[in-house]
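The next block holds one structure in the form of structure tokens; read it before the comments.
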Amino acid sequence: MNSDRQYDRTMELWRSYSIATSLELAAHLENFAILFSYNSGKIENREITYHDTHEIFKNGRVCGYTGDLRTLYEIKNLKDASELMYRWFDERKPITLDSIREMQFELTKGTYNERRWELGERPGEFKKNDLWGVGMHDVAAPVDEIEDDLQQDLDEVSEFGDENPLVAAAFWHARFEGVHAFADGNGRTGRAMMNYYLLLHNHPPIVIFDEDRKDYYAALDGFDMTGDLKPLIGFLRRETCKTWESAVQREDRSHQMSLEKKRDTVSRRVSLDEINNNFNAR
Numbered sequence: 071m072n073s074d075r076q077y078d079r080t081m082e083l084w085r086s087y088s089i090a091t092s093l094e095l096a097a098h099l100e101n102f103a104i105l106f107s108y109n110s111g112k113i114e115n116r117e118i119t120y121h122d123t124h125e126i127f128k129n130g131r132v133c134g135y136t137g138d139l140r141t142l143y144e145i146k147n148l149k150d151a152s153e154l155m156y157r158w159f160d161e162r163k164p165i166t167l168d169s170i171r172e173m174q175f176e177l178t179k180g181t182y183n184e185r186r187w188e189l190g191e192r193p194g195e196f197k198k199n200d201l202w203g204v205g206m207h208d209v210a211a212p213v214d215e216i217e218d219d220l221q222q223d224l225d226e227v228s229e230f231g232d233e234n235p236l237v238a239a240a241f242w243h244a245r246f247e248g249v250h251a252f253a254d255g256n257g258r259t260g261r262a263m264m265n266y267y268l269l270l271h272n273h274p275p276i277v278i279f280d281e282d283r284k285d286y287y288a289a290l291d292g293f294d295m296t297g298d299l300k301p302l303i304g305f306l307r308r309e310t311c312k313t314w315e316s317a318v319q320r321e322d323r324s325h326q327m328s329l330e331k332k333r334d335t336v337s338r339r340v341s342l343d344e345i346n347n348n349f350n351a352r
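Each position in the sequence shown, counted from 1, maps to that position plus 70 in the working numbering.
Rendered as structure tokens:
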């Protein structure tokens, strides 16, 4: 299946779910939430493991852990952020500066280090110091321009409507990472808010896989340097297909089995009719 057809098939499957409530959403995203959270956290913290993420999501705890407690806080926060997103979905809560701050708080509470704290930085608040850049070009908005820049980006995204949500999401994500609004957690917040935007516009959420992080960062850096969004759009299309590949394959197998069962039923019915006709002919 070529990439365009695969993406279209993924979109077709997602929209066939007709998800209307957070309960329906959670049912379809049970495995996704763990996979997304593991990869989103792993991109920035190499100590995060799939096992620990799975245990915290499923059981609320891990046994025999000997690593940095900050890592456990980050994983628990990723779970809390998923639950926040479900609540928002029921409300169809719009993306605003306040909701961005709320999401960042959920993702970073209890994890700011001593240096950030001493500088007055707090989870859920835009950064107060021009010390935290990102990318190979150390991109970041000055602290006194953060709110205006983000609001302008939100206004632009709102003009996209439902016609091409992936393009709007790519633009939003690239701009958000460039603004770098917080002292920490910008990547996790940006990926979470991007997925929430996609959910609001009936597009499947995306796992940005840790193994693909070099391509991910290259696409973001390319936008910073040239303003070209195409590499990031292409990357997100590929990750969409990769995220939902197994679900599409399961659905296609199920559909194929259903067709074969119908053909077998028709074949048996024809055979039975032939037997009856032959018997009656006697």
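Even for Gly, the Cβ is constructed at its ideal location relative to N, Cα and C.
All figures in this text were calculated on a predicted structure; none of them were measured in a lab.
Contact criterion: CB-CB distance below 9 Å. Does residue i meet it with respect to chain C?
i: proline 275; result: Included in the structure is just one protein chain, with no chain C present.
Where does residue i land, buried or exposed, given buried means 16+ other C-beta within 10 angstroms?
i: leucine 353; result: Beyond the ends of the chain as shown, which are 71 and 352, falls residue 353; an answer cannot be given.
i: histidine 250; result: buried
i: glycine 190; result: exposed
i: glutamine 326; result: exposed
i: threonine 136; result: exposed
i: lysine 197; result: buried
i: arginine 162; result: exposed
i: glutamine 319; result: exposed
i: threonine 166; result: exposed
i: glycine 248; result: buried
Please list the terminal residues of the continuous alpha helix (DSSP H) segment that includes residue i.
i: arginine 140; result: 139–161
i: methionine 173; result: 167–178
i: isoleucine 216; result: 216–228
i: asparagine 115; result: Where asparagine 115 is concerned, there is no enclosing alpha helix (DSSP H), given that its DSSP letter is neither H nor E.
i: asparagine 183; result: Per DSSP, asparagine 183 belongs to no alpha helix (DSSP H) and is neither H nor E.
i: histidine 98; result: 92–98
i: methionine 81; result: 73–86
i: leucine 241; result: Checking the sequence, you will find phenylalanine at residue 241 rather than leucine. Phenylalanine 241 -> alpha helix (DSSP H) spans 235–249.
i: tyrosine 120; result: 120–129
Just to confirm my understanding: we take residue i, look at its own chain, exclude 5 residues before and 5 after, and list those with CB closer than 7 Å. What are they?
i: leucine 236; result: His273, Ile303, Leu306, Arg307
i: lysine 112; result: Ile118, Asp280
i: tyrosine 152; result: Reading the sequence as shown, one finds serine at residue 152 and not tyrosine. Only Ala103, Ser107 meet the Cβ criterion.
i: histidine 121; result: none
Near residue i, which residues of its chain fall below 8 Å by C-beta distance, leaving aside the five closest residues on each side in sequence?
i: asparagine 147; result: Glu176, Leu177, Thr178, Lys179, Gly180, Thr181
i: glutamate 114; result: Gly257, Arg258
i: phenylalanine 102; result: Pro275, Val277, Thr313
With a CB to CB cut of under 6 Å and the five nearest residues on each side skipped, what residues in its chain are close to residue i?
i: phenylalanine 230; result: Ala238
i: methionine 155; result: Tyr266
i: phenylalanine 246; result: Gly260
i: arginine 79; result: Val318
request  = With a floor of 4 residues, list each alpha helix (DSSP H) that falls wholly inside the region 270–335, ordered by position along the chain.
outcome  = Scanning the region 270–335 for uninterrupted alpha helix (DSSP H) segments of 4 residues or longer gives 283–296, listed from N- to C-terminal end.
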